[in-house]
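J.: Questions regarding the structure given below will be posed in turn.
Protein chains: 2
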Amino acid sequence: MNNKFIIAIDLGGTKIKASLFNFRLQSKAEKIFTTNKFKDKRVLIQGIVDIIDGLIEENGLSKKNILGVGLGMPGPVDSEKGKVYFLPNICGWKNVFLSRILKNKLKLSVFLDNDAKLMALAEYNFGSAKFSKNALCITLGTGVGGGLILNGRLYRGQDNAAGEIGHLPINLSGPICACGSKACLETYVGNKRILALAKTVFQRDISLEELSQKARQGDHKAISVWEKIGECLGVALSAAVNLLNLDCVVIGGGVAQAGVVLFKEIKKTVYARSMLVQGKRVKILKAGLGNRAGAIGAGILVKERLGI
Amino acid sequence: MNNKFIIAIDLGGTKIKASLFNFRLQSKAEKIFTTNKFKDKRVLIQGIVDIIDGLIEENGLSKKNILGVGLGMPGPVDSEKGKVYFLPNICGWKNVFLSRILKNKLKLSVFLDNDAKLMALAEYNFGSAKFSKNALCITLGTGVGGGLILNGRLYRGQDNAAGEIGHLPINLSGPICACGSKACLETYVGNKRILALAKTVFQRDISLEELSQKARQGDHKAISVWEKIGECLGVALSAAVNLLNLDCVVIGGGVAQAGVVLFKEIKKTVYARSMLVQGKRVKILKAGLGNRAGAIGAGILVKERLGI
Numbered sequence: 491m492n493n494k495f496i497i498a499i500d501l502g503g504t505k506i507k508a509s510l511f512n513f514r515l516q517s518k519a520e521k522i523f524t525t526n527k528f529k530d531k532r533v534l535i536q537g538i539v540d541i542i543d544g545l546i547e548e549n550g551l552s553k554k555n556i557l558g559v560g561l562g563m564p565g566p567v568d569s570e571k572g573k574v575y576f577l578p579n580i581c582g583w584k585n586v587f588l589s590r591i592l593k594n595k596l597k598l599s600v601f602l603d604n605d606a607k608l609m610a611l612a613e614y615n616f617g618s619a620k621f622s623k624n625a626l627c628i629t630l631g632t633g634v635g636g637g638l639i640l641n642g643r644l645y646r647g648q649d650n651a652a653g654e655i656g657h658l659p660i661n662l663s664g665p666i667c668a669c670g671s672k673a674c675l676e677t678y679v680g681n682k683r684i685l686a687l688a689k690t691v692f693q694r695d696i697s698l699e700e701l702s703q704k705a706r707q708g709d710h711k712a713i714s715v716w717e718k719i720g721e722c723l724g725v726a727l728s729a730a731v732n733l734l735n736l737d738c739v740v741i742g743g744g745v746a747q748a749g750v751v752l753f754k755e756i757k758k759t760v761y762a763r764s765m766l767v768q769g770k771r772v773k774i775l776k777a778g779l780g781n782r783a784g785a786i787g788a789g790i791l792v793k794e795r796l797g798i
Numbered sequence: 491m492n493n494k495f496i497i498a499i500d501l502g503g504t505k506i507k508a509s510l511f512n513f514r515l516q517s518k519a520e521k522i523f524t525t526n527k528f529k530d531k532r533v534l535i536q537g538i539v540d541i542i543d544g545l546i547e548e549n550g551l552s553k554k555n556i557l558g559v560g561l562g563m564p565g566p567v568d569s570e571k572g573k574v575y576f577l578p579n580i581c582g583w584k585n586v587f588l589s590r591i592l593k594n595k596l597k598l599s600v601f602l603d604n605d606a607k608l609m610a611l612a613e614y615n616f617g618s619a620k621f622s623k624n625a626l627c628i629t630l631g632t633g634v635g636g637g638l639i640l641n642g643r644l645y646r647g648q649d650n651a652a653g654e655i656g657h658l659p660i661n662l663s664g665p666i667c668a669c670g671s672k673a674c675l676e677t678y679v680g681n682k683r684i685l686a687l688a689k690t691v692f693q694r695d696i697s698l699e700e701l702s703q704k705a706r707q708g709d710h711k712a713i714s715v716w717e718k719i720g721e722c723l724g725v726a727l728s729a730a731v732n733l734l735n736l737d738c739v740v741i742g743g744g745v746a747q748a749g750v751v752l753f754k755e756i757k758k759t760v761y762a763r764s765m766l767v768q769g770k771r772v773k774i775l776k777a778g779l780g781n782r783a784g785a786i787g788a789g790i791l792v793k794e795r796l797g798i
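First to last, the sequence lines map onto chains A and B.
Heads up: the first sequence begins at 491 in my numbering, then just goes up one per residue.
Heads up: the second sequence begins at 491 in my numbering, then just goes up one per residue.
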């Protein structure tokens, strides 16, 4: 298997990352493109094809060396059928059989799944959830996604739609959410909401990076913002902990970089709001694989589907 | 197997029900006792032994005819070890290895589990969740319990403590709960809370039965109470639905008797607060086995453990 490779595509709201993995899922090469120029669906699909062809060629390989391609999609998908239902942050995608389209163009095996599910798969196999049997992995960003490992396997639910921790209501009433409901966790801790809260506190625009840095430096205003965010996250996580008796919760995504202040408040709230047995069991951990998790998860998906 | 039987014990807060099942889990005889006279732990254990001995004798059987005994306990247990951690509504129980104690006294195989988990097992095998792969069964009473069927199996979590839908927070802040947390579903929809709410609305004490009856007759005040309860239940259930992409939610326990008004409001809220795919999938159903679910579940447990 020394001359066999896997290609993983991590499709984000603003960029596409393509990784060339060896059989052990060690990264051998990487290419990143912004998605700005791929507004049209057909152009974006051709962009993915070109990236993959480029990655193969630039590394002196041919298609015979590629076991398969795995894609992480930022939206709901039917992983078995390779179908993308829609992409909340990229227009023009509705019920696209992307695996089949790419397979025809590339003449390679192509598999896809939701990116938060792939992150969970990666953290369970190689990251912070490695020694866990029942874990929730949550990604914090513009949206709040999640993936569940239950009894040592990715739990999908009937429509592959399980894991939506971002859409747990944390109040009977509250802000309207993009999903159509209200008071969802995402409406309290999504990036936009954090920036809006920070603007109110600082009376000026402030970036997430600056807000995190200020908190690390002990700025009380910045700390107060992260404490509020941490409390909301803690309440939603305690719901999952009480319902599922989880071993661990793994927190990833940009906001997880806020560091000690955020994690301290999350932990405090989860332990205060969980039942005795459940609270004693659960560990709250930072994601171990950073922004590589999606690509690694896509690589695992390819190996799983090919049974290798 | 025609002369082989299973005994199921359903231990409630106020009574013990013992059922004699044939091999197909059809009820052949039943005995009910109140637990008032069993305040002391040792007396209660002896009471269980006496009920079982009585049931065997009165039906002209001997212990050779009994495959095993299953017990449903109203509290957290270690089902594998046959250990009761504690019983919230019955004093004096802490870390009791009840299966072993009863096995020594009865010279029969004895297995136990939490009653809400056994209800889920029964509804999945013979009741409303029969055609479901992923289901949450919730019991409404003084406490609010739950059991989860995921991928066609009872999901326990690492400590057999999964399913605690009654302790999902439905607000960031709210009434203090017996579990030590606050704003748990149980603090909004437990029987005591319903009675208190009804007393405020009617300006007098009113029983749950009367409240249900009045609602069925179209009394606006009674309907308003059940609508409030239904909304709180709906919000907590939508959290479970979004997180687990459930096929169905089965609702049992005394309060489920409130009927159409309650179910209408629960459904309305679940569909309004769930995500598109999840909301479309999930069915909200009344429990199919009524108060027989716990006993039937205990019978299933015995069969599962004995591998028959």
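Beta carbons: idealized from backbone N, C-alpha and C, even for Gly.
Pick from Lys682/A, Asn681/A, Gly656/A: whose alpha carbon is nearest that of Gly670/A?
T.: In the first sequence, residue 670/A corresponds to position 180, counting from 1. If we check each option's Cα against that of Gly670/A, Gly656/A comes out closest.
J.: Quick check: the Cα distance between Gly503/B and Trp583/A, rounded to an integer number of angstroms?
T.: Mapped onto the second sequence, residue 503/B falls at position 13. Mapped onto the first sequence, residue 583/A falls at position 93. Each residue's alpha carbon lies about 55 Å from the other.
J.: Helix, strand or coil for Arg643/A, going by three-state DSSP, please let me know.
T.: For this step, residue 643/A is matched to residue 153 along the first sequence. Strand at Arg643/A.
J.: Go through its chain and collect everything with a Cβ distance to Lys595/A's Cβ below 7 Å, but skip five positions before and after it.
T.: Numbered from 1 along the first sequence, position 105 holds the residue referred to as residue 595/A. Only Val539 meet the Cβ criterion.
J.: Using the C-alpha atoms, what's the distance from Leu685/B back to Asp695/B?
T.: Here residue 695/B corresponds to residue number 205 of the second sequence, with the count starting at 1. Here residue 685/B corresponds to residue number 195 of the second sequence, with the count starting at 1. Distance between the alpha carbons of Asp695/B and Leu685/B is about 8 Å.
J.: For Val567/A, does the three-state DSSP call read helix, strand or coil?
T.: As a working note, residue 567/A is residue 77 in the first sequence. Correct three-state label for Val567/A: strand.
J.: Can the beta-carbon of Lys573/B be found less than 8 Å from the beta-carbon of Ala785/B?
T.: Position 83 of the second sequence, counting from 1, holds the residue named residue 573/B. Position 295 of the second sequence, counting from 1, holds the residue named residue 785/B. Their beta carbons are not under 8 Å apart, which means Lys573/B does not touch Ala785/B by this criterion.
J.: Quick one: what does DSSP say Asp737/A is sitting in, helix, strand or coil?
T.: In the first sequence, the residue the question calls residue 737/A occupies position 247. Reduced to three states, the DSSP call for Asp737/A is coil.
J.: Would Leu630/B and Val745/B be called neighbours here (beta carbons separated by less than 8 Å)?
T.: Taking the second sequence and counting its residues from 1, one reaches residue 630/B at position 140. Taking the second sequence and counting its residues from 1, one reaches residue 745/B at position 255. Yes, they are a contact pair.
J.: Check each candidate in Ala688/B, Leu687/B, Pro665/B and name the one with the smallest Cα separation from Thr677/B.
T.: Numbered from 1 along the second sequence, position 187 holds the residue referred to as residue 677/B. Among Ala688/B, Leu687/B, Pro665/B, the Cα nearest to that of Thr677/B belongs to Pro665/B.
J.: Straight-line CA distance for Leu598/A to Gly797/A?
T.: As a first step, residue 598/A is located in the first sequence; it is residue number 108 there, counting from the start. As a first step, residue 797/A is located in the first sequence; it is residue number 307 there, counting from the start. Roughly 16 Å separates the two Cα atoms.
J.: From what residue to what residue does the beta strand (DSSP E) around Ser509/A run?
T.: Indexing the first sequence from 1 puts residue 509/A at position 19. 505 to 512 is the extent of the beta strand (DSSP E) around Ser509/A.
J.: Below 8 Å CB to CB, which residues in the same chain sit around Lys682/A once its five sequence neighbours on both sides are set aside?
T.: Translated into the one-based positions of the first sequence, residue 682/A becomes position 192. Counting only Cβ-Cβ distances below 8 Å, and skipping sequence neighbours, we find Thr632.
J.: When DSSP labels each residue in this structure, what does Ala748/B get in the three-state scheme?
T.: Here the question's residue 748/B lines up with position 258 in the second sequence. DSSP places Ala748/B in helix when its eight states are reduced to three.
J.: Is Lys776/A near Ile741/A, with beta carbons less than 8 Å apart?
T.: On the first sequence, residue 776/A is found 286 positions in, with the first residue counted as 1. On the first sequence, residue 741/A is found 251 positions in, with the first residue counted as 1. Yes, they are a contact pair.
J.: Is Ser728/B helix, strand or coil when you go by DSSP?
T.: Locating residue 728/B in the second sequence gives position 238, counting from the first residue. If DSSP states are grouped into helix, strand and coil, Ser728/B belongs with the helices.
J.: In the DSSP assignment, find the alpha helix (DSSP H) that holds Thr632/B and state where it starts and stops.
T.: By 1-based counting over the second sequence, the position of residue 632/B is 142. Run containing Thr632/B: none; DSSP gives neither H nor E here.
J.: Quick one: is Val533/B buried, meaning 16 or more other Cβ sit within 10 Å of its Cβ, or exposed?
T.: In the second sequence, residue 533/B corresponds to position 43, counting from 1. Exposed: under 16 other Cβ atoms inside 10 Å.
J.: So which of Ser622/A, Leu644/A, Ala652/A, Asn624/A has the shortest CA-CA distance to Gly635/A?
T.: The count along the first sequence starts at 1 and reaches residue 635/A at position 145. The option with the nearest alpha carbon to Gly635/A is Ala652/A.
J.: Taking the beta carbon of Ser663/B as the centre, do at least 16 other beta carbons fall within 10 Å, making it buried, or is it exposed?
T.: What you label residue 663/B is simply residue 173 of the second sequence in a count that begins at 1. With fewer than 16 Cβ atoms within 10 Å of its Cβ, Ser663/B is classed as exposed.
J.: Let me know the alpha helix (DSSP H) ranges lying completely inside the segment 658 to 684 of chain A, each 4 residues or longer, listed in chain order.
T.: Counting only runs of 4 or more, we get 675 to 679.
J.: State the start and end residues of the unbroken beta strand (DSSP E) segment that holds Ile496/A.
T.: For the purposes of this step, residue 496/A is taken as the residue at position 6 of the first sequence. Taken as a continuous stretch (DSSP letters only), the beta strand (DSSP E) holding Ile496/A covers 495 to 501.
J.: Which residues bound the beta strand (DSSP E) around Ser517/A?
T.: Here the question's residue 517/A lines up with position 27 in the first sequence. Ser517/A -> beta strand (DSSP E) spans 517 to 524.
J.: Between Gly778/B and the rest of its own chain, which residues show a CB-CB distance below 7 Å, the 5 nearest in sequence each way excluded?
T.: Stepping through the second sequence from its first residue, residue 778/B is reached at position 288. Excluding positions up to five away in sequence, the list reads Glu613, Gly617, Ser618.
J.: Taking buried to mean at least 16 other C-beta atoms within 10 Å of its own C-beta, is Phe621/B buried or exposed?
T.: Numbered from its first residue, the second sequence carries residue 621/B at position 131. Exposed, since its Cβ has fewer than 16 Cβ neighbours within 10 Å.
J.: Measure from the C-beta of Met765/A to each C-beta in chain B and report whether the shortest distance is under 8 Å.
T.: Residue numbering aside, residue 765/A sits at position 275 when the first sequence is read from its first letter. With 8 Å as the cut-off, Met765/A counts as an interface residue toward chain B.
J.: Where does the unbroken beta strand (DSSP E) through Val574/B begin, and where does it stop?
T.: Walking along the second sequence from the start, residue 574/B turns up at place 84. Element bounds for Val574/B: 573 to 576.
J.: First and last residue of the beta strand (DSSP E) that includes Phe601/A?
T.: Walking along the first sequence from the start, residue 601/A turns up at place 111. Unbroken beta strand (DSSP E) run through Phe601/A: 600 to 604.
J.: What residues are listed by DSSP as bridge partners for Val767/A?
T.: The residue given as residue 767/A occupies position 277 in the first sequence. In DSSP, Val767/A forms no bridge with anything.
J.: Rounded to whole angstroms, what is the Cα-Cα separation between Gln768/B and Cys581/A?
T.: Sequence index remark: in the second sequence, residue 768/B carries index 278 (1-based). Sequence index remark: in the first sequence, residue 581/A carries index 91 (1-based). So the alpha carbons of these two residues sit roughly 22 Å apart.
J.: Using 8 Å as the cut-off, can you tell me whether the segment 721 to 734 of chain A makes contact with the segment 749 to 761 of chain A, which would need three or more C-beta pairs spanning the two stretches below that distance?
T.: Counting Cβ pairs under 8 Å, three or more are found: they touch.
J.: Looking at the strands, I want to know which residues DSSP matches up with Ala625/B.
T.: Translated into the one-based positions of the second sequence, residue 625/B becomes position 135. Its beta-bridge partners are Ile639/B, Cys738/B.
J.: Determine which residues of the segment 630 to 657 of chain B have a Cβ less than 9 Å from any Cβ of chain A, and write them out in chain order.
T.: Within the segment 630 to 657 of chain B, the residues whose Cβ lies closer than 9 Å to some Cβ of chain A are Gly636, Leu638, Leu640, Asn641, Arg643, Tyr645, Arg646, Gly647, Gln648, Asp649, Asn650, Ala651, Ala652, Gly653, Glu654, Ile655, Gly656, His657, listed in chain order.
J.: CB Leu487/A to CB Asn641/A, shorter than 8 Å?
T.: Because chain A in this structure spans residues 491 to 798, residue 487/A falls outside the shown range and cannot be described.
J.: Find the residues of chain A that neighbour Arg771/B, judging by a C-beta separation of less than 9 Å, and give them in chain order.
T.: Taking the second sequence and counting its residues from 1, one reaches residue 771/B at position 281. Here the neighbours are Gly647, Gln648, Asp649, Ala651.
J.: Could you confirm whether any beta carbon from chain B is found closer than 8 Å to the beta carbon of Val745/A?
T.: Locating residue 745/A in the first sequence gives position 255, where the first residue counts as 1. No, no contact with chain B.
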